[in-house]
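Below is one structure; the comments refer to it alone.
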Amino acid sequence: MDPNTAGWVLIAALALPLVGAALMLLLPNDDEERIKRFAVLVTGVSFALVTAMTVAFDYSRSGELQFVTNVAWIDAINARFHLGIDGISLPLFFLSFLLPFLSAIYTTKHLPEPGKPKAFLGLMLLLQTGMAGTFVAFDLILFFIFFELVLVPMFFMIGMWGGPRREYASVKFFLYTLFGSIFMLVSFLAVYFQSGLRSWDIVELSNASMIGSTTFQTWAFLGMFLGFAIKVPMWPFHTWLPDAHTEAPTVGSVLLAGVLLKIGTYGFIRIALPILPEGALRFAPVIGVLAVIGIIYGSLCCLAQTDIKRLIAFSSVGHMGFVMLGIAAMNEAGIQAALFGNIAHGVITGMLFFLAGSLHDRYHTRDMNIIGGGMLMKIPRYGVLLTYVSVASLGLPGLAGFWGEFGAMWAAINPGLGLADSYGGLYLGLVIFAAIGTVLTAGYFLWMLQRVNLGTPPEKWANEELADVTRIEWIAWTPLLVLVLALGIFPRLVFGVQDAAVTVLLRSMGG
Amino acid sequence: MPIDFLAIAPEIALAVTALVVLAADLSLRGSAKQLVNPLAAIGTLVALYFVARLWGDERTTFAGTFVIDSFALAFKALFLLVLLAVLGISWRFFAEGRYFQGEYYFLLVTAFIGMLLMPSARDLLLLFVALETVSVPAFVMVGLRKRDLYSSEAALKFFLIGVLSVALMLLGMSFVYGFTGVTGLDAIAAAIGGLVAAGTVEPLLLAAVLLIIVGFGFKISAVPFHFWAPDTYAGSPMPVTAMLAVASKAAGFAGLAIVSFIAFQPLADVWAPILGVVAIITMTVGNLGALQQRDLIRLLAFSSVAQAGYILLPFGVARGGSGMLDAAVNAGAFRAVLFYLAAYAVMNIGAFGVAIGVSRRTGLRAIGDYAGLGARSPMLAAAMTVFMLSLGGAPLTVGLWAKFAILEALTVDVTTFGLVLAGALVINSVIAFFYYLKVIRLMWMVEPAADAPALQPGANLTLVVASLAAATLVLGVLPGLLSDATSIVTFAAVR
Amino acid sequence: MTGLDLIFAVVGLITAAAAIKTVTSTNLVHAALFLAVTLAGIAGVFLVLSADFLALVQLVVYVGAVAVLFLFGLMLTRAPIGREALDSDHRGLALGVSGALFVLLSGLIIAAFGDVRVDTVGGPRTADIGLALFRDWVLPFEVLSMLLLAALVGAIVLSRREDGESGEVEDVTRILLADDPDLDGVDDADASADGAAGEVRA
Amino acid sequence: MSLVGPLLLATLLFSVGVYGLIARRNAVLVLISVELMLNAVNINLVAFQNLLFPTDVSASGHMFALFIIGVAAAEVGVGLAIVFNLFRNRASVDVDRVDAMRW
Amino acid sequence: MTEPSLLIQSAWLIPALPLASAAAIAAFGRRLPWHGAEIGIGAILTSLLIAIAIAWETFTTVDPAPYEAAYAWSPLGGGFVLELGMLIDGLTAMMFLLVTLVSSMVQIYSREYMHGEKRFTYYYAMLSLFTFSMLFLVIANNTLQAVVGWELVGLCSFLLIGFYWEDKSNQDAANKAFLTTKFGDVGLIVGVIVLSAGMFGLTDTPFNFLQTIDAAVAGELSTATIVLGMLLIFVGCISKSGQMPLHVWLPDAMAGPTPVSALIHAATMVTAGVFLLARLFPVLAQSATVMAVIAVVGVITLFFGGLLALVQDDIKKILAYSTISQLGYMVAAIGVGGYTASVFHLFTHGFFKALLFLGAGSLIHAVHSNNISDMGGLRRFMPHTFWTFTIGSLALAGFPLTAGFFSKDEILVAGDLWAVNGFATGTAVYWVGLAAAFVTTFYMARAWFLIFMGEHRGAGHADAHGHDAHDDDARTRTTRTTHDAHDDHADHGAHHADPHESGRQITVPLMILAVLSIAVGLIGSPFAQEKPNFESWTSTTVIAETTYPFLAEYAAAGTGIAAAAAEPSAKILHGPPTWHLDLLLIVLVVFSSAVALAWRFYGRGLPAQDPMMRMGGLTRVLVAKYGFDSFGYRFIVVPVRDRMSAWATRISNDVIDGAVAGIGTTTMRLARTTYTVVDQRIIDGGVNGAAFSAAWWSARLRRIQSGDVQRYAGALVAGVILLVLAFVAVR
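Residue numbers (the working numbering), protein chains in the order written: chain A, 443 to 953; chain B, 19 to 513; chain C, 5 to 206; chain D, 18 to 120; chain E, 200 to 930.
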């Protein structure tokens with residue numbers, strides 16, 4: 443697998459789930475076990491392929507695109523089929539193969555109501571292609587296709603296998619994201635024409651000299667901003683998220699938090715910033731302020747929740763706020779932190795949703811008041827896991843959550859591209875408020891743990907037989923649990939891979 | 019002046035087909051009458067052959083009133099393919115419904131003669147006759163469900179609004195004639211160009227232009243000329259509805275495109291903003307109207323109104339000038355229209371096909387009847403899902419590319435008005451998904467009613483629907499198959 | 005004001021008056037007859053404008069055929085007589101809209117052509133028309149023939165009784181009626197399967 | 018001769034036709050109104066041709082009028098057929114009661 | 200030190216071993232005969248040996264250069280690198296020694312103390328993890344790494360305070376501790392960020408301690424950076440090291456097992472703030488403002504924290520408040536330039552406070568109560584505990600020749616020197632420090648008398664006196680006996696039997712610590728004026744010849760600083776300690792008077808009608824009598840104890856705690872409002888509202904679609920007219 447020539451690897455990785463989904467349709471409907479095993483096989487094989495690719499990746503040139511495919515696609519509009527992967531994409535790409543694999547394993551024993559494994563897993567595979575594709579597409583049109591592609595399977599996943607308000611949530615999710623994405627498309631088009639290059643190539647556009655006037659960039663950025671900010675989601679575009687998360691089946695939530703939200707921030711970093719640096723510069727303080735509002739606000743909303751899944755969902759708003767704060771810093775450290783926060787949030791919150799799902803499987807409720815505490819006594823291993831992941835999520839150093847949060851604040855103290863001169867005071871304020879947000883974050887997680895984990899189990903559950911972490915859960919979760927620790931201890935696992943690519947990115951922004 | 023018969027060969031082929039169909043109908047008895055359907059299909063294929071034969075040619079005949087260019091051929095191909103699809107979904111429907119089959123097919127084919135003429139016509143008179151050739155058979159076809167009060171009413175409404183529109187259009191044409199003294203589109207453009215240059219454009223001329231647009235506005239069901247559409251769609255036999263919603267609308271757009279981009283191009287700076295506003299109102303009204311429908315056909319009717327609004331959008335950025343950029347913007351606009359129409363044809367006929375399949379022998383057509391369709395007929399439900407997603411503009415369906423084409427046309431030159439139009443499209447796309455998703459949701463996420471009758475869509479309908487769904491998806495992945503064809507489209511020898 | 009203008013004024017006034025009577029008459033047959041007068045008046049206008057061939061066609065086709073057709077139509081549909089019966093509730097709307105249209109167009113016409121006066125009124129003669137028809141306009145002419153055939157077939161299909169037509173009992177068609185104002189989208193649609201919203205009509 | 022005269026007459030006839038189309042209840046009378054409108058257009062065309070462009074060899078104005086007459090005849094035929102059919106279904110030709118379908 | 204020895208290069212083993220031990224205990228500790236304790240104890244003893252060796256080597260090397268080794272942990276973007284490194288100097292070695300030693304003692308002690316605990320293995324894993332975290336903080340060569348350790352110790356503290364998590368009060372205490380310190384961490388983190396931002400142009404490793412210090416001393420950091428950065432970092436120290444007003448968590452933290460209190464909340468973790476200030480001392484010494492703020496906070500804490508201990512009945516609370524007070528000494532010392540004094544006090548305090556806590560644990564173990572009113576006469580039952588506790592108390596009270604005496608004297612001397620430089624904070628430290636020494640001695644003496652003297656009041660007597668004590672301070676009961684819940688499984692009769700001495704695993708650590716509580720004072724005492732002594736050991740990173748830059752400025756500005764130029768005090772380091780006989784005399788007076796006073800009140804045990812423990816008019820009259828009665832101090836002390844302490848208690852309980860609680864309540868209210876009103880109603884409602892308005896418009900449209908074709912026609916023509924008008928208008 444030569445990273446210079448083996449473009450087929452990415453194509454194969456993206457195609458495998460699709461082919462798998464098609465083949466799965468041929469399996470008989472009644473043999474559910476076989477369907478589930480087949481899904482594990484497909485996701486496993488594609489994950490293995492991506493792992494092999496990760497090994498073959500030339501880390502000394504992580505700033506350059508590798509495994510490139512660049513062929514004509516739609517001549518009429520000059521769209522090309524341009525895939526490639528660099529240090530920024532690699533961790534996210536990896537994650538978008540790991541999580542479906544784990545989800546498939548988890549689903550073998552935890553298929554959400556009302557069953558239909560073929561449809562469920564087929565949609566998941568389709569979703570996988572969409573998610574992974576966004577991270578390696580280097581043509582705006584191709585990116586947009588993948589970006590949009592995730593909507594449909596996720597819509598069905600929420601709508602068919604979700605909770606009681608699934609229909610509302612699924613429609614809301616779909617429409618919200620769609621709304622933003624079409625604005626984004628308009629901006630893409632505007633850039634396409636304004637650049638004079640008649641090219642959709644992200645690399646070319648990034649390297650192009652100033653596209654349009656500052657005013658143009660501001661407006662074009664606004665369009666992309668809407669698209670990506672809704673996906674992230676940034677305050678105040680976040681309201682689809684709690685509903686979608688709360689209602690989605692466990693695996694849906696995991697993938698939603700683990701990968702889907704990342705597409706938004708990735709879009710900012712990969713597309714909006716380098717292509718429209720002037721617009722980005724104009725928007726940076728806005729992004730920063732909204733990000734910090736999101737941090738504080740998300741935490742406050744978490745404090746008001748009694749539904750544990752909804753709490754985790756709102757925590758995403760806060761965590762993604764840190765990621766956006768990193769982006770708002772417009773410097774290398776900020777982008778690094780944002781990307782790290784992305785990955786960390788994917789792993790941690792994905793894991794938290796696994797836990798919340800299993801919690802619901804056991805207690806048949808997600809209301810913390812009804813659960814009433816004592817879980818550490820009732821199902822100790824499970825309680826320990828919840829504590830571990832929560833603590834990671836609240837940003838404890840040594841676990842994955844810390845680096846993104848700290849890095850974002852650290853980067854924001856000295857924002858790049860001249861922002862420090864014009865908005866230095868504002869950014870200092872942002873850092874301080876973001877830091878206060880960490881306290882609130884700690885607050886709601888501790889409070890959650892107190893209400894769920896600690897104390898003695900109420901009578902309702904005292905005599906109930908509740909299974910502790912099962913074998914399949916261990917299998918599905920262990921990689922994430924390890925990653926949470928590994929990323930915390932070896933931040934260079936991500937920082938190091940990204941470093942060169944981020945430098946290249948910033949250079950294209952004139953930073 | 020010799021007549022270039024090859025140039026009108028497709029029309030001649032259809033005319034012959036129409037007459038053969040009529041004759042065959044007289045000689046066939048009983049269930050054998052349904053064989054006129056394949057007969058018509060064969061004629062259509064012959065016409066299609068001639069279109070293919072002409073592909074790439076540019077010809078002019080009948081004293082410049084009839085032109086063969088890539089624009090005309092693309093539309094002709096589109097119409098003929100639509101005709102094939104309509105024939106496909108008509109077969110069972112009319113064979114089982116004990117209609118006047120032969121006459122239906124005759125009228126259908128005749129209407130398509132008018133459509134084929136439309137994009138080739140370069141003369142107001144021919145345009146008018148072609149338009150009427152589409153309309154008059156359509157009036158009858160809508161009323162074909164003779165014992166059905168709804169059908170009769172639908173026909174009357176369609177007819178009255180139709181003749182009112184055509185009368186207004188004729189009034190406009192008469193004034194245009196009064197100002198220019200000619201009826202040829204190029205000549206009109208030249209004359210108006212002179213008036214514009216001289217700065218002596220009378221308001222009456224503008225009014226006349228608008229009145230002509232009204233005639234096409236009726237065909238494409240733009241607001242406020244759309245009122246007939248929901249009622250007529252609901253009352254017509256479903257294949258006729260599909261024909262009206264797709265082919266007739268496409269013909270209207272073809273006509274609108276040639277009058278606006280050829281004859282009235284010098285005045286584009288005046289009519290473009292108005293059409294843009296009309297487009298916004300049209301799609302908004304269409305989408306809002308569709309939101310509350312309980313009859314799927316009416317929903318599709320309002321949806322088609324909204325779609326007309328989308329297709330009308332590129333007209334909003336048309337340019338009156340003759341610079342390079344102006345030409346690029348205009349070319350982008352009518353190419354987008356063509357692309358969208360083609361995509362729209364695929365997905366909308368597909369949607370009607372599913373509706374026919376569901377209602378066959380059951381009469382089901384309320385949206386509520388689609389509850390649990392995913393369980394009752396996964397194939398139909400899956401196809402309907404594809405069509406709904408495509409109509410909404412979801413990725414990997416051709417609908418996305420259609421929207422994309424429109425947006426592309428709007429942003430060729432970034433203007434404030436273009437962005438406003440784009441923004442309107444965005445917002446409307448989202449509103450539209452409310453009802454498209456409603457259908458999808460019902461099909462997959464709601465249990466079917468306990469007493470829901472079994473569905474028997476029929477083999478050939480299934481085939482048509484499946485191939486349309488496949489086309490929707492294939493074009494969704496490889497829009498180049500379609501856009502390569504539409505992107506080269508241009509008007510031959512404009513002046 | 006030339007003599008031609010004077011003649012036109014007379015003919016025009018008669019035509020206009022007849023036209024107005026056509027749409028306001030309370031008697032069906034009268035209305036049809038006024039139509040005939042109007043159409044004849046238009047033929048007169050054509051004559052004044054020295055379009056004799058068209059005047060002839062107008063008389064033959066309209067006064068001779070169409071007006072009679074309408075009379076038959078009126079008879080066949082056994083229409084009642086009287087203002088209430090003949091006019092709908094939309095008279096106000098009709099008056100407003102048509103009045104506005106007239107005012108607007110008249111204003112525009114006067115603005116555009118108010119000062120156009122022509123001394124000699126001429127035009128293509130019948131022979132010219134014939135020549136042009138088969139030289140320049142042969143395609144629309146042929147298309148028109150298809151159109152007329154289609155209209156003929158269509159009219160027959162719609163008017164013909166039975167024979168191959170479906171019987172009195174039509175296909176079952178479910179159509180949603182409008183008398184259900186509380187329809188608020190999504191949720192009700194789910195419930196519509198219960199049949200409350202649909203009505204089965206035989 | 019003044020051009021506005023015929024044009025205004027045509028406009029009047031057209032407007033009267035519009036009035037009839039909207040105000041008349043009987044479907045046949047509505048059709049009659051349609052005829053008025055189409056004829057009004059013919060006056061326009063003839064007036065323009067003979068007053069402004071008398072030498073047009075294609076005789077476009079007259080030809081247009083001729084075709085309109087032809088098409089109008091076809092439409093009347095179809096229209097009456099539709100009305101008859103409606104009458105057979107409902108024993109009434111009142112246009113304002115044609116409202117079985119709405120929303 | 201040109202070539203660092205292998206020993207020093209292996210210093211990383213010191214934190215690594217506890218980390219490995221934590222993992223090992225968690226993995227298979229449960230299956231071992233001692234349930235994991237052997238791993239923990241083995242690892243920490245090994246670490247202790249290395250720490251002793253390193254301490255010895257660094258101590259004996261005269262003026263060693265700090266040894267730094269770093270591994271590029273991760274790039275951070277922009278070319279910046281985060282290091283994972285070790286900075287080994289005397290300060291580090293000292294902290295190693297303190298942490299490993301106390302941790303060893305605590306772990307040995309805990310094996311008996313925590314015996315039979317159901318989460319015994321977990322407990323040991325946590326102790327190991329904590330030890331690792333603390334050592335990781337200490338070894339750090341950069342601020343960010345220190346922050347990592349800082350947060351980890353906070354987590355361990357949280358987990359151990361909430362060790363008995365079945366009880367809500369313990370959960371609350373744990374949460375309170377974590378959140379209060381986390382709040383301080385906001386300051387710390389932002390401070391670290393600000394400080395690092397100042398280094399951006401200078402280095403690739405902006406967090407590095409030594410580089411930061413060099414830059415600060417070289418004047419390359421702007422004043423704003425230093426002031427803002429250090430003050431923010433100090434906010435972190437305030438919360439972590441229990442300074443007013445963020446000390447509120449520390450007394451509550453006593454909810455944890457007593458050995459944990461000894462290790463974390465007395466000897467090590469709470470000193471992290473002081474450690475960090477000491478580590479960055481050359482930086483903060485650049486700014487008079489920073490030093491003044493630190494001094495003021497320290498002075499306030501050392502005095503009012505001490506006062507609070509007066510009215511406690513819970514032995515652990517007394518010790519907790521005394522810890523706050525002693526930390527106040529250390530912080531105040533930093534604020535008056537007493538770097539060595541502060542670090543020295545940190546060192547000695549670690550031993551004697553650990554000793555006191557462990558001793559208290561032993562007592563609690565024996566009498567099953569935290570309250571000194573339930574004890575009495577225990578010297579007969581528990582001789583080992585008695586004499587070790589006595590040594591600890593003497594050290595805390597600063598009895599001459601104990602370790603606490605030397606270190607506290609150093610602080611007072613530093614204050615005096617600072618006063619000589621013209622700073623009022625120096626004067627305050629000196630006099631308030633003395634006053635607080637009186638308070639300290641008094642409350643320790645009170646406790647000592649009530650615990651060991653008189654008759655044993657036992658469990659049977661507890662009720663009789665219990666409520667008196669509780670009236671005094673209702674808060675003392677909150678955590679009473681809860682941590683001894685584990686004894687419930689034991690023989691019930693034990694509650695009524697006479698208390699007995701604890702086992703060897705408890706008493707031997709006590710003895711070791713008692714010896715050290717005297718011995719370690721010597722290396723920093725005037726007995727060790729020659730190098731190597733404590734100062735030469737721990738000040739290697741603090742540049743010896745550096746002076747306070749602001750002194751010269753102040754002198755130039757003529758702000759009345761007398762001896763700015765040539766005084767040795769103008770230098771950052773004061774040089775070796777000397778004898779101050781006058782101070783010795785004063786201290787002796789203070790000590791003896793305080794003890795005498797305590798003896799007067801409690802010398803014969805807690806009387807049945809104890810005037811001291813009652814609130815109300817009678818008490819005040821009695822107190823007032825004593826005030827007029829004897830020694831000159833008394834008329835100050837009594838009102839101070841009765842009025843000011845009550846006032847301080849109220850401040851602490853009502854105002855600050857209330858504020859904390861109020862912040863909590865307000866936050867929750869804000870949270871609920873944000874969620875229900877802003878999120879669900881306004882933002883989400885706005886979105887839904889848009890959808891509803893679409894439906895509303897849709898319903899309006901429906902009227903137009905009336906089904907009446909003639910209306911359609913009318914609308915159509917009307918539309919045409921409007922469009923024509925629009926056309927003309929556009930034109």
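Glycine is no exception: its CB is placed at the ideal position from the N, C-alpha and C atoms. Model, not experiment: these values are computed from the prediction.
Among the candidates the options, whose CA atom is the shortest distance from the CA of residue i?
i        : options                                   : result
B:Asp469 : B:Val432, B:Val438, B:Ala412 and B:Gly390 : B:Gly390
E:Gln344 : A:Lys673, A:Gly871, A:Val946 and A:Ile931 : A:Ile931
Tell me where the alpha helix (DSSP H) around residue i begins and ends.
i        : result
B:Pro284 : That residue, B:Pro284, is in no alpha helix (DSSP H); it is neither H nor E in DSSP.
B:Glu465 : Note, B:Glu465: premise wrong, no alpha helix (DSSP H); not H, not E.
A:Phe625 : Arg608 to Gln636
In this structure, does DSSP put residue i in helix, strand or coil?
i        : result
D:Ser19  : strand
E:Tyr270 : strand
Along the chain, where does the beta strand (DSSP E) that runs through residue i open and close?
i        : result
A:Phe523 : Ala521 to Ile527
Anything in chain E within Cβ reach of residue i, meaning under 7 Å, just list it in chain order.
i        : result
A:Ala884 : Phe377, Leu378 and Lys381
Anything in chain A within Cβ reach of residue i, meaning under 9 Å, just list it in chain order.
i        : result
B:Gly498 : Ala514, Trp515, Ile516, Asp517, Ala518, Ile519 and Ala521
Looking at the C-beta of residue i, does it have a partner C-beta in chain H at a distance below 8 Å?
i       : result
D:Ile85 : The chain inventory of the structure shown lacks chain H, comprising the protein chains A, B, C, D and E.
Can you pull the chain D neighbours of residue i, defined as C-beta to C-beta under 9 Å?
i        : result
C:Val209 : Examination of residue 209 of chain C is not possible in this model, given that chain C is present from 5 through 206 alone.
Taking only beta carbons into account, state which residues of the stretch 129-145 of chain B come closer than 7 Å to chain C, listed in chain order.
Under the 7 Å Cβ criterion, the stretch 129-145 of chain B contributes Ile131, Leu135, Leu143 and Leu144.
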